[in-house]
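For reference, the structure discussed in these notes is given below.
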Ligand SMILES: [Zn+2]
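Okay, structure coming up:
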């Protein structure tokens with residue numbers, strides 16, 4: 075009689091993250107580590123040909139990959155021939171991935187002569203067993219289960235984002251999580267003040283490193299130090315991008331973060347699916363972007379201007395000059411290069427000029443396009459004053475002709491559509507509830523019941539989706555239309571302007587094109603709007619046959635570009 079082979083078995087148990095997340099109360103009890111072990115021991119006690127020689131466990135690891143310490147050391151022992159049998163309670167303990175689980179169970183184990191037992195799935199594969207269809211099938215089910223959880227967690231995040239809930243682990247400097255709702259951002263009174271200062275200093279023409287020095291000198295804690303000081307613990311791997319002191323990079327990061335305008339942008343990155351943990355950048359049109367989501371720390375206008383300044387900065391020739399009011403704004407009319415400042419000593423005095431930087435570098439512009447610094451700045455300043463007057467006139471004219479509350483009409487239409495959709499939602503709900511009664515009373519078949527039930531649910535969720543988008547649209551319309559004339563206010567609020575500062579120049583001037591001291595062209599900000607409204611006002615005057623007292627200077631200024 076041949077001596078019976080005794081299998082040297084490895085017992086593998088796993089308590090998964092999924093079990094916790096899904097929180098199926100009944101399940102977690104039956105799947106506890108202790109229960110899995112007991113079940114396996116019971117099984118082995120009935121099988122004299124198996125002896126458990128090693129136990130491996132993983133607590134709190136997901137089944138969607140095999141990066142688990144217990145699992146890995148078990149496989150190591152399998153490869154070294156220490157064990158020749160693996161026992162688990164069920165396949166899902168082993169792994170939830172069809173392809174990888176299958177690779178072990180169908181290829182690696184048989185090749186190594188390892189017996190594999192999944193007790194509750196009635197799987198017992200010894201060497202030579204070939205015809206078992208159960209394993210791949212069960213594996214496939216486990217895979218689907220895992221994907222399902224992954225999608226649930228992801229869709230939950232997506233839904234939160236679409237709903238304007240903050241899903242990040244840490245808040246951006248300047249905001250805190252609401253104590254009552256951790257998905258809501260609230261303004262941090264202290265840090266938001268620092269953010270405002272940073273924007274203000276930048277507006278005044280200070281460089282990022284200048285601002286950082288200023289903050290450090292005044293003992294303002296850097297974002298990282300600040301988080302520590304208010305007791306927010308930060309994991310090591312989050313630290314890498316943050317410095318203990320303010321520096322140009324941390325200042326720039328704040329100046330470029332749109333979150334300070336009240337706009338929440340999330341979902342910039344994603345993991346492709348539950349199998350691949352790699353983080354990839356999403357295309358911009360897939361980002362979840364919600365305006366007016368939380369309290370703003372800086373206005374949208376101020377933010378846009380700062381973005382413009384950051385761009386202009388990169389165009390300022392690096393010759394060690396301080397920033398002048400027209401730095402980066404004044405360009406050569408011939409070649410488009412920025413004008414640079416040049417000091418020329420003459421007769422014991424220093425004369426400052428702007429000249430084409432391209433010509434100064436001897437890189438090809440035909441002429442210096444030289445203009446005395448003062449002449450350029452004074453001319454631009456007086457043109458700006460005139461333009462502000464023209465805008466004041468325009469505002470007066472438009473207020474007279476445009477009394478129609480367009481905004482109200484559109485909002486009313488949107489609200490009517492919303493009402494209809496809300497009625498749809500209510501009706502779907504009611505119909506769906508009645509369905510069950512109809513089914514119970516035998517009026518409709520089970521199949522009809524299921525089909526109708528699904529179709530009402532689908533209809534309802536699409537209506538709800540549309541209601542959400544209408545709400546956003548209403549919010550947009552309201553803010554858009556109240557903003558309709560806002561650009562004019564940017565000019566008119568400077569009607570008593572005394573000098574051309576850097577901040578005003580960046581705010582109101584798009585570009586100054588210099589040919590020579592007698593030919594300067596100024597393009598103001600909102601040129602398109604100015605021209606459009608000037609045309610509209612002119613049309614109105616013509617068609618209505620009324621002679622509006624349209625001031626001469628406004629008509630002249632209709633072609634925004636002024637040439638002296
Ligand atoms: Zn030039």
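In the working numbering, the protein residues as written are 75 to 638. Ideal Cβ placement from N, Cα and C applies to all residues, glycine included.
CB residue 454 to CB residue 596, shorter than 8 Å?
-> In the chain shown, counting from the first residue as 1, residue 454 sits at position 380. In the chain shown, counting from the first residue as 1, residue 596 sits at position 522. Contact: yes.
Counting pairs of Cβ atoms below 8 Å between the segment 561-574 and the segment 360-371, do you hit three or more?
-> no
Determine which residues share a DSSP beta bridge with residue 125 and list them.
-> One-based indexing of the chain shown puts residue 125 at position 51. Bridge partners of residue 125: 82.
Does the Cβ of residue 408 lie closer than 7 Å to at least one heavy atom of ligand 1?
-> Within the chain shown, residue 408 is the residue found at index 334, counting from 1. Answer for residue 408: yes, Cβ within range of ligand 1.
Quick one: complete beta strand (DSSP E) runs, 3+ long, within the segment 398-451?
-> 404-406, 413-420 and 423-430
The segment 369-376 / the segment 258-276 touching (three or more Cβ pairs under 8 Å) | yes
When DSSP labels each residue in this structure, what does residue 545 get in the three-state scheme?
-> For this step, residue 545 is matched to residue 471 along the chain shown. Correct three-state label for residue 545: helix.
Compute the distance between the beta-carbons of residue 193 and residue 124, then report whether it is under 8 Å.
-> The count along the chain shown starts at 1 and reaches residue 193 at position 119. The count along the chain shown starts at 1 and reaches residue 124 at position 50. Taking 8 Å as the Cβ cut-off, residue 193 and residue 124 do not qualify as a contacting pair.
Straight-line CA distance for residue 443 to residue 432?
-> In the chain shown, counting from the first residue as 1, residue 443 sits at position 369. In the chain shown, counting from the first residue as 1, residue 432 sits at position 358. Approximately 10 Å, taken between the alpha carbons.
Go ahead and pull the three-state DSSP assignment for residue 584.
-> Within the chain shown, numbered from 1, the residue matching residue 584 stands at position 510. Strand, per DSSP.
Nearest neighbour of residue 409, chosen from 462, 290, 438 and 400 [CA to CA] | Stepping through the chain shown from its first residue, residue 409 is reached at position 335. Of 462, 290, 438 and 400, the residue nearest in Cα terms is 438.
Expressed to the nearest angstrom, what Euclidean distance is found between the alpha-carbon atoms of residue 418 and residue 386?
-> Position 344 of the chain shown, counting from 1, holds the residue named residue 418. Position 312 of the chain shown, counting from 1, holds the residue named residue 386. One C-alpha to the other measures close to 26 Å.
Using three-state DSSP, classify residue 95 as helix, strand or coil.
-> Numbered from 1 along the chain shown, position 21 holds the residue referred to as residue 95. At residue 95 the pLDDT is 46, less than 50, meaning the model places this residue with poor confidence; the figure from the coordinates comes in the next sentence. Helix, per DSSP.
Would residue 107 be called buried (16 or more neighbouring beta carbons within 10 Å of its own) or exposed?
-> Position 33 of the chain shown, counted from the start, is the residue given in the question as residue 107. Counting Cβ neighbours within 10 Å, residue 107 comes out exposed, since fewer than 16 surround it.
How would you label residue 448, buried or exposed, when you count the other beta carbons within 10 angstroms and need 16 or more for buried?
-> Locating residue 448 in the chain shown gives position 374, counting from the first residue. Flag for residue 448 reads exposed.
What's the call for residue 399, buried or exposed, on a 16-neighbour Cβ count within 10 Å?
-> Position 325 of the chain shown, counted from the start, is the residue given in the question as residue 399. By the neighbour-count rule (16 or more Cβ atoms within 10 Å), residue 399 is buried.
Is the segment 421-428 touching the segment 457-473 in the sense that three or more CB pairs, one from each, lie closer than 8 Å?
-> no
Is residue 366 near ligand 1, in the sense that its beta carbon is under 7 Å from a heavy atom of that ligand?
-> Here residue 366 is taken as the residue at index 292 of the chain shown, counted from 1. Checking the Cβ of residue 366 against ligand 1 gives no.
Indicate the three-state DSSP secondary structure (helix, strand or coil) for residue 240 in the structure shown.
-> Mapped onto the chain shown, residue 240 falls at position 166. Note: residue 240 maps to coil in three-state DSSP.
Quick one: using the 10 Å Cβ neighbour count with 16 as the cut-off for buried, is residue 497 buried or exposed?
-> In the chain shown, the residue the question calls residue 497 occupies position 423. Answer is exposed; the Cβ neighbour count stays below 16.
With distances taken between CB atoms, is the gap from residue 492 to residue 383 smaller than 8 Å?
-> Walking along the chain shown from the start, residue 492 turns up at place 418. Walking along the chain shown from the start, residue 383 turns up at place 309. No; because the gap between Cβ atoms is not below 8 Å, this pair is not in contact.
Is residue 467 buried or exposed, if buried means 16 or more other CB atoms sit within 10 Å of its CB?
-> Stepping through the chain shown from its first residue, residue 467 is reached at position 393. Buried, by the Cβ-count rule.
Does the segment 570-584 come close enough to the segment 276-296 to have 3 or more Cβ pairs within less than 8 Å?
-> yes
Assumed close pair residue 265, residue 320 - CB separation to whole angstroms, cut-off 8 Å = What you label residue 265 is simply residue 191 of the chain shown in a count that begins at 1. What you label residue 320 is simply residue 246 of the chain shown in a count that begins at 1. Not confirmed; about 12 Å, so no contact.
Figure out for me which residue from 516, 486 and 83 has the closest Cα to the Cα of residue 198.
-> Here the question's residue 198 lines up with position 124 in the chain shown. Considering only alpha carbons, the answer is 83.
Run of the beta strand (DSSP E) containing residue 565, from where it starts to where it stops | Position 491 of the chain shown, counted from the first residue, corresponds to residue 565. Where residue 565 is concerned, there is no enclosing beta strand (DSSP E), although the alpha helix (DSSP H) it sits in stretches over 560-566.
Just reading off the alpha helix (DSSP H) that residue 151 is part of, what are its end residues?
-> Indexing the chain shown from 1 puts residue 151 at position 77. Residue 151 -> alpha helix (DSSP H) spans 143-153.
Label residue 185 either buried or exposed according to how many other C-beta atoms from any shown protein chain fall within 10 Å of its C-beta, with 16 as the threshold for buried.
-> In the chain shown, the residue the question calls residue 185 occupies position 111. When all chains shown are included, residue 185 counts as exposed.
Could you check the C-alpha separation between residue 166 and residue 544 for me, to the nearest Å?
-> Here residue 166 refers to the residue found at position 92 when the chain shown is read from its first residue. Here residue 544 refers to the residue found at position 470 when the chain shown is read from its first residue. Computed Cα separation, rounded: 44 Å.
Span of the alpha helix (DSSP H), counted from its first residue to its last, around residue 288 | Here residue 288 refers to the residue found at position 214 when the chain shown is read from its first residue. Element bounds for residue 288: 282-291.
Determine, using beta carbons only, whether residue 374 and residue 414 come nearer to each other than 8 Å.
-> Here residue 374 refers to the residue found at position 300 of the chain shown. Here residue 414 refers to the residue found at position 340 of the chain shown. No, the Cβ-Cβ distance between residue 374 and residue 414 is not below 8 Å.
Buried or exposed: residue 427, going by 16 or more other Cβ atoms within 10 Å of its Cβ?
-> Taking the chain shown and counting its residues from 1, the one referred to as residue 427 is at position 353. Per the 10 Å Cβ criterion, buried.
Could you round the C-beta distance between residue 143 and residue 132 to whole angstroms and report it? I think they count as a contact, below 8 Å.
-> Taking the chain shown and counting its residues from 1, one reaches residue 143 at position 69. Taking the chain shown and counting its residues from 1, one reaches residue 132 at position 58. About 7 Å; that satisfies the 8 Å criterion.
So what does DSSP say about residue 380, is it helix, strand or coil?
-> For this step, residue 380 is matched to residue 306 along the chain shown. Here residue 380 sits in helix by DSSP.
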